[in-house]
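Enquirer: Residue numbers for the sequence shown follow our numbering, so the first one is 144 and each next one is one higher.
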Amino acid sequence: MAVRHLQSVDHTIDSLRAKMERIGGGVPAPRGEGKPRRMPVLPGPEWLTAALDSGGMPRGAVTMMADCPAAHVDVLAATTKAGSCVAVVGYPRLALAAVEVAGGDLERMVVIPDPAPHAMAVLNTLVEGLDMVLFSPAQPITPTFARPVESRLHKSRCALVVTGHSWPRARLNIDVSVTGVVGLGRGSGRIRGVEIAGKAWGKAQPPSVFQTVVGERPSSRSDATVVPLRWEAAQ
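Shown next, in the form of structure tokens:
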């Protein structure tokens, strides 16, 4: 599994940027060398891009996303599959194998399970060189922590996605949760996917709802039946 656990953030970012240049994408054009192609939003899964008026999560800004690992896996898979380079910070419980199964490219991921005690410096470096950073902070973010990170972020083309704890000022909010499972029959079968549903809203984004199935796609009509998550005590 070609996922890099950082020992030197700067060295890893430099390596990733060099790799992006070799494969012919992902690195912004240097200033003063013609007009760079403007990419205001980040590519993502179809269910999310369809729900957003802009067609994707904003670059150079913060998106707050609910703590829903199934949605995070799908976003990471779609983003890296599209050729973007991302980092996952402070999120050791994320199933990286699930990202790969969903079609993601782990070669385009940097994983930092625990950024302490230099979380601010880590984020400042990452947002300057990558397309997306998925950050799960250990505690609520204070304005004192957020301001210098946002200063770097606003000058970059990175989308900072925060989950688990709130960020003081987010441009976009995505509330999402698992609402059912796909693939289970009456007393048999296996989970082939999960149904997620939620709402997106924010600056320049009116409230928009979405619902989809993520994970392994159903292979038959019986597999496509969604079983709602309704936990009831046995009588």
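Cβ atoms here follow ideal geometry from the backbone N, Cα and C, with glycine treated the same way.
1. Determine the DSSP secondary structure at G272, reduced to helix, strand or coil.
2. Just confirm the distance between the C-beta atoms of S279 and T306, as a whole number of angstroms; I'd bet it's less than 8 Å.
3. Measure from the alpha carbon of V352 to the alpha carbon of each residue in V337, S320, G358 and V325, then state which is nearest.
4. Return the bridge partner residues of K224 from the DSSP annotation.
5. What are the partner residues of E338, as DSSP defines its beta bridges?
6. With respect to the beta strand (DSSP E) encompassing A193, which residues constitute its N-terminal and C-terminal limits?
7. Taking the alpha-carbon of P349 as reference, which of M275, R314, G336 and A340 has the nearest alpha-carbon?
8. Check the DSSP bridge columns for P201 and list the partner residues they point to.
9. Pick out whichever of G272, I284 and S227 has its Cα sitting closest to the Cα of H297.
10. Can you tell me which residues form a DSSP beta bridge with A209?
11. If we require 3 or more residues per run, which beta strand (DSSP E) segments fall completely within the stretch 277-316?
Expert: In short, the structure shows the following:
1. Numbered from its first residue, the sequence shown carries residue 272 at position 129. DSSP places G272 in helix when its eight states are reduced to three.
2. Position 136 of the sequence shown, counted from the first residue, corresponds to residue 279. Position 163 of the sequence shown, counted from the first residue, corresponds to residue 306. Yes, S279 and T306 are in contact; Cβ-Cβ is about 5 Å, under 8 Å.
3. Locating residue 352 in the sequence shown gives position 209, where the first residue counts as 1. Minimum Cα distance to V352 is reached at S320.
4. Position 81 of the sequence shown, counting from 1, holds the residue named residue 224. Looking at the DSSP assignment, K224 forms no beta bridge with any residue, so it has no partner.
5. As a first step, residue 338 must be located in the sequence shown, where it is residue number 195. Note: E338 sits in a beta bridge opposite G323 and V356.
6. Sequence index remark: in the sequence shown, residue 193 carries index 50 (1-based). A193 -> not in any beta strand (DSSP E); alpha helix (DSSP H) instead, spanning E189 to A194.
7. On the sequence shown, residue 349 is found 206 positions in, with the first residue counted as 1. If we check each option's Cα against that of P349, R314 comes out closest.
8. Position 58 of the sequence shown holds residue 201. For P201, which the question treats as bridged, DSSP gives the partners V184.
9. The residue given as residue 297 occupies position 154 in the sequence shown. Of the candidates G272, I284 and S227, the one whose C-alpha sits nearest the C-alpha of H297 is G272.
10. Taking the sequence shown and counting its residues from 1, the one referred to as residue 209 is at position 66. DSSP output for A209 lists no bridge partner at all.
11. 302-305
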